[in-house]
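The next block holds one structure in the form of structure tokens; read it before the comments.
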Amino acid sequence: MTLAEAVVASAAPAELERLDVPATYRAAHLRKDEVGTFEQGAADKDVRRTLHVGEVPMPELAADEVLVAVMAGAINFNTVWSAMFEPIPTFAFLERLGRTDPRHDLPTHVLGSDAAGVVVRTGAAVRRWHPGDRVVTSPAYVDPEDPVVQHDGMLAADLRAWGFETNFGGLADFAVVKATQLLAKPRHLSWEEAACNMLCASTAYRMLVGERGARMKQGDVVLLWGATGGLGGYGVQLVRNGGGIPVGVVSSPEKAELLRRMGCPHVVDRSQFEDLGDEKAWRRLGAEVRRLVGEDPAIVFEHTGRETFGASVYVARRGGAVVTCGSSTGYAHEYDNRHLWMKLKRIIGSHGANYQECHEVNRLISLGLVHPTLSTVYPLTEAADATRAVQLNRHVGKVGVLALAPEEGLGIEDHELRARIGEDRLRLFRTG
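In my numbering, the protein residues as written are 72 to 503.
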């Protein structure tokens, strides 16, 4: 029996420790010699041309690291950027990291910033995790000896996104993570449901709830772009749980109906505002929000970037905040600064989440208070197709990827909690 087979068979920890770690493993990866694949300004940088699935070398573990046998992973937009080699090829990140840790500077880059699986090996300095533990991963990769990490890991000078700015990510049969990235897998979720949450749910938590984000209060109106997407689907849940009033922006009647089934009664159809590049469109958007809820948003939940940012600054109420964690439609934002300074608004930059924030949102998931937004699942052999679906926005919620798990629905331990929550809630995005 191989180590991978033993994990799938739920072998005892002693058996996992006895079996050899393979010299190579299957992974979704990029190749350094393909960095010039896409011409500058190409209309369609199809990620299926550059994202490959095949064998890569197994690295040695550092003292503070853990080897996880990955049962399932998920696609995030950073995997799309990686496979497009934008804004810069990620091999530049690996070369920089390779100055202090040469293991990462390889001709292949294993991608993926989400995973759920089983611990099979631990480094010499790891105390809290052991072979056989079922875990999910958080994406922040930091040096625990940096003093600022004790305050907020997201301020660390060498902060990296695992599987994007590091090697050995989660879209693979095995993954290498720091011990400070691990959290206990929610027992009522399947492998693929557990794997899809942490990056987006923790990012949304920091943006809306965390003390370094917008710090939403009960009764706050929150406008959420892409409200049925990977980030927005968690954002809507957090707003509702915290007593806020979500106003979700979506791009189709089908997504609007899914949003209502999530319990978000206030929905804006973005197709009414196809061109958000001028103040007339911003005014129409603001009027629609006021028609729905009677006031301007206290918080605008931003991650789409260039296409929407000017509108976001405009529609936030006087003294309100725009909290942003990304720019999926482009990094170069334009907005009318008069609407920012004269109305005392704030722009809050938010990036990922620290370990404590990840712990807090994982607790909410484990208690059944926040649910997965998983919509579809691909096998690892089709990781490029899964990434392409995200690239073209052909999905809602999160797209999962099965690695070692041979089929969906495995890994559930707490059937009682699952029954109390109900399959209709846990599978809402699957049936939407």
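All residues carry an ideal CB built from backbone N, CA and C; glycine is no exception.
From residue i to residue j, what does the alpha carbon distance come to, in whole angstroms?
i, j, result
"Ala143", "Gly188", "7 Å"
"Gly169", "His175", "6 Å"
"Ala298", "Asp340", "11 Å"
"Gln221", "Glu236", "22 Å"
"Ala113", "Ala460", "19 Å"
"Met129", "Ala82", "22 Å"
"Asn268", "Lys351", "37 Å"
"Lys288", "Arg192", "43 Å"
"Gly334", "Ala474", "32 Å"
"Leu132", "Ala196", "11 Å"
"Glu479", "Glu263", "7 Å"
"Ile483", "Gly183", "23 Å"
"Glu157", "Gly365", "41 Å"
"Met278", "Tyr305", "11 Å"
"Gly281", "Gly439", "19 Å"
"His201", "His422", "30 Å"
"His410", "Ser398", "21 Å"
Kindly identify the DSSP beta-bridge partner or partners of residue i.
i, result
"Tyr449", "Val472"
"Asp340", "Val321"
"Leu138", "Arg192 and Val247"
"Glu126", "Arg97"
"Arg102", "Thr179"
"Gly144", "Ala186 and Val472"
"Ala231", "The residue you asked about is not Ala; residue 231 is Arg in the sequence shown. Paired residues: Tyr212."
"Phe372", "Leu295 and Val394"
"Ile316", "Val292"
"Val207", "Ala187 and Leu254"
How would you label residue i, buried or exposed, when you count the other beta carbons within 10 angstroms and need 16 or more for buried?
i, result
"Ser342", "exposed"
"Ser323", "exposed"
"Arg417", "exposed"
"Thr95", "exposed"
"Thr505", "In the structure as shown, the chain begins at 72 and stops at 503. Residue 505 is therefore absent and cannot be evaluated."
"Asp91", "exposed"
"Ile316", "buried"
"Leu347", "buried"
"Trp233", "buried"
"Arg489", "buried"
"Thr375", "buried"
Our contact map puts residue i next to residue j with C-beta atoms below 8 Å; I'd like the distance itself, whole angstroms only.
i, j, result
"Ile370", "Gly391", "6 Å"
"Val338", "Gly319", "5 Å"
"Val124", "Arg97", "7 Å"
"Val441", "Ala186", "Actually they do not touch by this definition, with Cβ atoms about 18 Å apart."
"Gly194", "Val137", "7 Å"
"Lys249", "Asp135", "6 Å"
"Val467", "Ala145", "Wrong, their Cβ atoms sit about 14 Å apart, outside the cutoff."
"Val141", "Ala77", "Wrong, their Cβ atoms sit about 14 Å apart, outside the cutoff."
"Thr444", "Gly284", "At roughly 19 Å, the Cβ-Cβ gap does not stay under 8 Å, so Thr444 and Gly284 are not in contact."
Enumerate, from N- to C-terminal direction, the unbroken alpha helix (DSSP H) stretches of 4 or more residues contained entirely within the stretch 405 to 459. 409 to 412 and 426 to 437
Identify every run of the alpha helix (DSSP H) within the stretch 244 to 285, keeping only runs that are complete inside it and at least 4 residues long; order them along the chain. 262 to 266 and 269 to 279
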